[in-house]
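Enquirer: Take a look at the following structure, please.
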Amino acid sequence: EAEVAQSPRYKITEKSQAVAFWCDPISGHATLYWYRQILGQGPELLVQFQDESVVDDSQLPKDRFSAERLKGVDSTLKIQPAELGDSAMYLCASSLDVSEAFFGQGTRLTVV
Amino acid sequence: GENVEQHPSTLSVQEGDSAVIKCTYSDSASNYFPWYKQELGKGPQLIIDIRSNVGEKKDQRIAVTLNKTAKHFSLHITETQPEDSAVYFCAASSGGGADGLTFGKGTHLIIQP
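Sequence lines, in order, name chains A and B.
Residue 774 is where the first sequence starts when you use this note's numbering, and the numbers rise one by one after that.
Residue 173 is where the second sequence starts when you use this note's numbering, and the numbers rise one by one after that.
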């Protein structure tokens, strides 16, 4: 069964350092989402791509976060510099026709 | 924007009993209401969804009901089993699908043997 792949699964970084997460969506899925899930809460959308274009990044803290999906397939989410409050699970999801979102296993980020 | 409230935050039931989780939403334009199950260390997995033109939907032991007038929807799990233990999230969107989902804060469902 096709899955959304994310790496790394876990990341520990010091504050003020740069960190990056990678996502490979299900093949053929044009829509890709990055969500942030703080412990004990539901996921919150950070950015949405349609192919290589950003559709919604209204909740992305653009002073330190950036996201790209250069060839419309895999995507990278970067944080620079990382802050203590960025500790969370970062989830990637993809959708074929926005009818259903399939989530990856996430990257658990700890900023120390 | 949309606001989704979910209750209870924790629910403990005896194996074999039923479990009900409730959500309310604020945006009357919302028309898609999925439920996700998240097991420890994994991403959320869609278990059932309902659109605003339907009042109830069932899939084996799982059912979802929607009351558009009251702006609330509920997840019902019957004959609960140990593998039902997980965190459940409700969500809502006005785009008819996965775009613009707003999630509730989750319910930790514990099935007592």
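Glycine residues also receive a C-beta, built at the ideal position from the N, C-alpha and C atoms.
Using a Cβ-Cβ distance under 8 angstroms, would P816(A) count as near chain B?
Expert: yes
Enquirer: K277(B) versus chain A: which residues are under 9 angstroms apart at the beta carbon?
Expert: Those are G813, Q814, G815, listed as they occur along chain A.
Enquirer: Between P798(A) and the rest of its own chain, which residues show a CB-CB distance below 6 angstroms, the 5 nearest in sequence each way excluded?
Expert: V777, L805, S867
Enquirer: Within 10 angstroms of its Cβ, does R842(A) collect 16 or more other Cβ (buried), or is it exposed?
Expert: R842(A) is buried by the Cβ-count criterion.
Enquirer: Among the candidates V192(B), S265(B), I283(B), whose CA atom is the shortest distance from the CA of L971(A)?
Expert: Residue 971(A) is absent from the structure shown; chain A starts at 774 and stops at 885.
Enquirer: Identify whether E228(B) lies in helix, strand or coil by the three-state DSSP scheme.
Expert: strand
Enquirer: Can you tell me the Cβ-Cβ gap for Q880(A) and R782(A), rounded? I've got them flagged as a contact below 8 angstroms.
Expert: A small correction: the amino acid at residue 880(A) is Thr; Gln does not occupy that position in the sequence shown. Right, their Cβ atoms sit about 6 angstroms apart.
Enquirer: Distance check for A235(B) and S860(A), CA to CA, integer angstroms please.
Expert: Going by C-alpha positions, S860(A) is about 35 angstroms away from A235(B).
Enquirer: For E255(B), does the three-state DSSP call read helix, strand or coil?
Expert: helix
Enquirer: Check the C-beta distance from S190(B) over to T241(B) and give it rounded, since I have them as a contact under 8 angstroms.
Expert: About 24 angstroms; that fails the 8 angstroms criterion.
Enquirer: Would you report the Cα separation of A793(A) and D256(B), rounded to the nearest angstrom?
Expert: 34 angstroms
Enquirer: For R223(B), which residues in the same chain have their Cβ closer than 8 angstroms to its Cβ, ignoring the five residues on either side in sequence?
Expert: N203, Y204, F205, G268
Enquirer: If we ignore side chains and look at the alpha-carbon of each, how far apart do V828(A) and Q821(A) end up?
Expert: 5 angstroms
Enquirer: Would you say F205(B) faces chain A, with C-beta separation under 8 angstroms as the test?
Expert: no
Enquirer: Where do the N-terminal and C-terminal ends of the beta strand (DSSP E) with P206(B) fall, by residue?
Expert: Per DSSP, the unbroken beta strand (DSSP E) holding P206(B) starts and ends at 204-210.
Enquirer: Quick one, are the C-beta atoms of I193(B) and S246(B) less than 8 angstroms apart?
Expert: Remark: C-beta atoms of I193(B) and S246(B) approach each other more closely than 8 angstroms.
Enquirer: Please decide whether Q232(B) counts as near chain A, where near means a Cβ-Cβ distance under 8 angstroms.
Expert: no
Enquirer: Output needed for K784(A): all residues of its chain with C-beta closer than 8 angstroms, excluding positions within five of it in sequence on either side, in chain order.
Expert: Result list for K784(A): V792, F794, T880, R881, L882, T883, in chain order.
Enquirer: Distance, Cα to Cα, G845(A) vs D824(A)?
Expert: 4 angstroms
Enquirer: Among P854(A), L869(A), Q814(A), which has the Cα closest to the Cα of F838(A)?
Expert: P854(A)
Enquirer: DSSP puts T182(B) in a beta bridge; with which residues?
Expert: T182(B) is bridged to H280(B).
Enquirer: Distance, Cα to Cα, S789(A) vs K835(A)?
Expert: 16 angstroms
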